[in-house]
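Report on the following structure.
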Amino acid sequence: MASIEAVFREERGRLLASLVGTFGDLDLAEDVTGDAIEAALVRWPADGVPAKPGAWLLTTARRKAVDRLRRDQTFAAKLAVMRVDAERAEPGVLAIADDRGAELPDERLQLFFTCAHPALLAEDRIALTLRCLAGLTTAEVARAFLVPTATMAKRIVRAKRKIKENRIPFRVPQGAEWARRLPCVLQVVYSIFTEGYAASSGPHLQRADLAGEAIRLTRILHRLLPGERDVAGLLALLLLIHARREARCGESGEFVLLEDQDRGRWDRAMIEEGRGLVHRALTGGPPGGYGVQAAIAALHDEAADVATTDWPQIVSLYDVLLTITPSPVVAMNRAAAVAMRDGPEAGLALLDELADEPKLREYHPFPMARADLLHRLGRPAEAAESYRRALELARTEPERDHLRRRLAAVAREQN
Amino acid sequence: MKYLLLINTDAVDENGGAAECTVEDWMAYDKEVREAGIWVSGESLADLVTATTVRVDENGTPTVTDGPFAETRELLGGFYVIDVPDLDVALDWAARCPGARGSGAVVVRPVADFGA
Chain E
1 MASIEAVFRE
11 ERGRLLASLV
21 GTFGDLDLAE
31 DVTGDAIEAA
41 LVRWPADGVP
51 AKPGAWLLTT
61 ARRKAVDRLR
71 RDQTFAAKLA
81 VMRVDAERAE
91 PGVLAIADDR
101 GAELPDERLQ
111 LFFTCAHPAL
121 LAEDRIALTL
131 RCLAGLTTAE
141 VARAFLVPTA
151 TMAKRIVRAK
161 RKIKENRIPF
171 RVPQGAEWAR
181 RLPCVLQVVY
191 SIFTEGYAAS
201 SGPHLQRADL
211 AGEAIRLTRI
221 LHRLLPGERD
231 VAGLLALLLL
241 IHARREARCG
251 ESGEFVLLED
261 QDRGRWDRAM
271 IEEGRGLVHR
281 ALTGGPPGGY
291 GVQAAIAALH
301 DEAADVATTD
311 WPQIVSLYDV
321 LLTITPSPVV
331 AMNRAAAVAM
341 RDGPEAGLAL
351 LDELADEPKL
361 REYHPFPMAR
371 ADLLHRLGRP
381 AEAAESYRRA
391 LELARTEPER
401 DHLRRRLAAV
411 AREQN
Chain B
416 MKYLLLINTD
426 AVDENGGAAE
436 CTVEDWMAYD
446 KEVREAGIWV
456 SGESLADLVT
466 ATTVRVDENG
476 TPTVTDGPFA
486 ETRELLGGFY
496 VIDVPDLDVA
506 LDWAARCPGA
516 RGSGAVVVRP
526 VADFGA
C-alpha cells in the first residue's frame, strides 16, 4: 500500500493539472481526481497496480468528469466553452514533454501560474498551491498556517470562485507577461518554504514537512523549466538552507545559532546538489536574487566553522543582493556579516543607521542582532535591553527560550 | 466574456481630467478598443460637480444630496464594457487605459452571466 500512496502523491498534481486543462473547472477537476483515486484504492489492491498508473487514473477521472457533465444541465454550454478554449490554446504550450512518456502530458506549470495569479490575494495563492499542487488536504493547509480548517476552507473557496467567475486563464503567460508572473510563482513556493523553515508563531521553530513540500514543488518547477536560472537559484537556496535542518534544533527542540551548530549533522548530499545549482544560477547572465542568496548560503555551508567562513566574500554578495533587491532586512544581514569581517563595532554602527526603518521596528531579529553585538562589545546593560525588546517581538517558543537564556547570561555578567 | 473597466481617479486637474493623461491619449485608447473588436459599451462621465446622490430610507422617504457617494475616496470618471476571452486579456486592456496611470486606477469586474 505504501507504494500506491507514493504513486498518488506524485500523480495527484499532474492529474489535477491535466483535468483543469481539459475541463477548465478546478472544482470538477478536484472532485474527479478524488473519485479516480478512490476507484484505484478499491481496484489496485485486488487487480494489482497497472503498468501506467498515471494514464489509468487520467482515463478513469476523465470518464467520471464526462459522466458528471452529462448529468449536468449546463453540459452543452460547458462543452461549447471547452471547444473554444481548445481551439485557442496554442499547440506546444499545453504539451510539455515528460520523461515518462506522452500518455500524461505535464500541465502542472499552467497550474502553478493559475494558483499564483496576481489577481488572487497573496495568502490565497499559497493556500491554493498547497491544495492543488502539493496535494495537501484543506485541513493540512489550515494546520500549516495555524488557522481553523473552516477559515482555510472559506479562503480556498473564495480563491476558486475568483478563478472561475473572473475566468482567470489556465495558461502559461507569454512574452513580457512571463517575466512579470514567474517571480510571483517563485514567491509563492518561497513563502511556503519560509513558513516551514521558520514558523511565524507556535511551539515549533521549523516544520520540516512544509519545507520539504516546498522543495518538492521547486524540483517540479525546475524539471519543467530547466533553463530558468531563477528557478535553479531558488532550488539551490532551499537545498542549501534545508541541509542544516537537523542541526538547527537541539534535542529538546531549542534554537541553535549557526555558530553553535554541529556541522557534522548538515546534509552533505543536499549541500553538493545545491552547490551545483548555484553555479548554474550564477553563470550565463546577470544574477537573480535567489541565486545570490544561494551563493551566500553555500559559503556558510562550505565553511568548517564560523571563524574560517569567507566573510569578505559574503559581504560582497550582500552588496550585490542590495542592488537587486534593496530592503532593510538585506541591509541588516549585511551589517551582521560586516561585524564578522571587521568586528562588532563596525557592524553595530551599520545596524544603528537602520534603527528608524519601519520594516525593522517589529522584526525581532533586528534587536537580537543588535543585542549580540552589544554583548560582544562588553556592554551588557544595553545588550539586555535589546534582548528584552526581541523577546517582546518573537513569536515561537524556541526563539523565546533562546532569548531568555541569552538575557540570563547577560544579566549574570552585569552582576 | 464581458468585463467592466471602472475608471477611477482621485486627482483631477482644473479641466476635470486626470493629470497623467491627455485627451489625445483617451482618443487613441478608444480607437484601439473599437478596432480590436472588443468594445461593448463605454461612457465618460460628466464633471464631478454635476453628481447628485439619492438615498431612500426605511420609510420610503428619498433624500437628495449634492455630490457623489460620500464614502468613496476614488471617484468614478467613466467606464468601458469589453468582451474578451479571459481575465488576463481584460487586465492587459486595463493596463493600457490612460485612466490607470499615476494616481488613477482601473477596477476590472466580470459581468455576471446568468444565462449559462
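From first to last, the protein sequence lines are chains E and B. Those letters in the first sequence? Residues 1 to 415, per my numbering, in order. Those letters in the second sequence? Residues 416 to 531, per my numbering, in order. Ideal Cβ positions, reconstructed from N, Cα and C, are used throughout, including at glycine. Fair warning: this is a prediction, and the values are worked out from it, not measured in the lab.
Contact with chain E by residue i, beta-carbon distance below 8 Å
i                 : result
Asp501 of chain B : yes
Met416 of chain B : yes
Contact set between residue i and chain E, taken where Cβ atoms lie within less than 8 Å
i                 : result
Leu525 of chain B : Reading the sequence as shown, one finds Pro at residue 525 of chain B and not Leu. Within chain E, the residues near Pro525 of chain B are Glu165, Asn166 and Arg167.
Neighbour list for residue i in chain B, Cβ cutoff strictly below 9 Å
i                 : result
Pro173 of chain E : Asp503
Helix, strand or coil at residue i [DSSP, three-state]
i                 : result
Tyr495 of chain B : strand
Val522 of chain B : strand
Gly175 of chain E : helix
Gly253 of chain E : coil
Thr437 of chain B : coil
Thr325 of chain E : coil
Thr114 of chain E : helix
Ile309 of chain E : Residue identity differs from the one stated: residue 309 of chain E is Thr in this sequence, not Ile. Residue state, collapsed to three classes: coil.
Cys184 of chain E : helix
Ile168 of chain E : coil
Lys52 of chain E  : coil
Val32 of chain E  : helix
Phe145 of chain E : coil
Arg244 of chain E : coil
Ala451 of chain B : coil
Arg379 of chain E : coil
Tyr290 of chain E : helix
Phe484 of chain B : coil
Cys512 of chain B : coil
Thr138 of chain E : helix
Leu130 of chain E : helix
Thr194 of chain E : helix
Pro226 of chain E : coil
Arg207 of chain E : coil
His300 of chain E : helix
Arg402 of chain E : It should be noted that the sequence gives His, not Arg, for residue 402 of chain E. The answer is helix: DSSP assigns His402 of chain E an H, G or I state.
Glu357 of chain E : coil
Thr283 of chain E : coil
Arg258 of chain E : It should be pointed out that residue 258 of chain E corresponds to Leu in this sequence rather than to Arg. Helix.
Phe529 of chain B : coil
Glu385 of chain E : helix
Asp598 of chain B : Coverage of chain B is limited to positions 416 through 531, which leaves residue 598 of chain B absent and any answer about it impossible.
Beta bridge counterpart(s) of residue i as assigned by DSSP
i                 : result
Lys417 of chain B : B:Asp498
Ser456 of chain B : B:Val496
Arg470 of chain B : B:Thr478
Leu490 of chain B : B:Thr424
Gly202 of chain E : E:Thr396
Any C-beta of chain D under 8 Å from that of residue i
i                 : result
Pro344 of chain E : No chain D is part of this structure, whose protein chains are labelled E and B.
Proximity test, residue i beta-carbon vs the ligand NAD heavy atom, cut-off 7 Å
i                : result
Phe23 of chain E : Of the ligands one can find in the structure shown there are none, so the ligand NAD has no counterpart to examine.
Contact with chain B by residue i, beta-carbon distance below 8 Å
i                : result
Ala97 of chain E : Confidence is the limiting factor: at Ala97 of chain E the pLDDT is only 32, short of 50, which leaves the residue's position unreliable and the question unanswerable from this model.
Listed in chain order, which residues of the segment 118-132 of chain E have Cβ atoms closer than 9 Å to some Cβ of chain B? If you check each beta-carbon in the segment 118-132 of chain E against every beta-carbon of chain B, the ones closer than 9 Å belong to Pro118 and Ala119.
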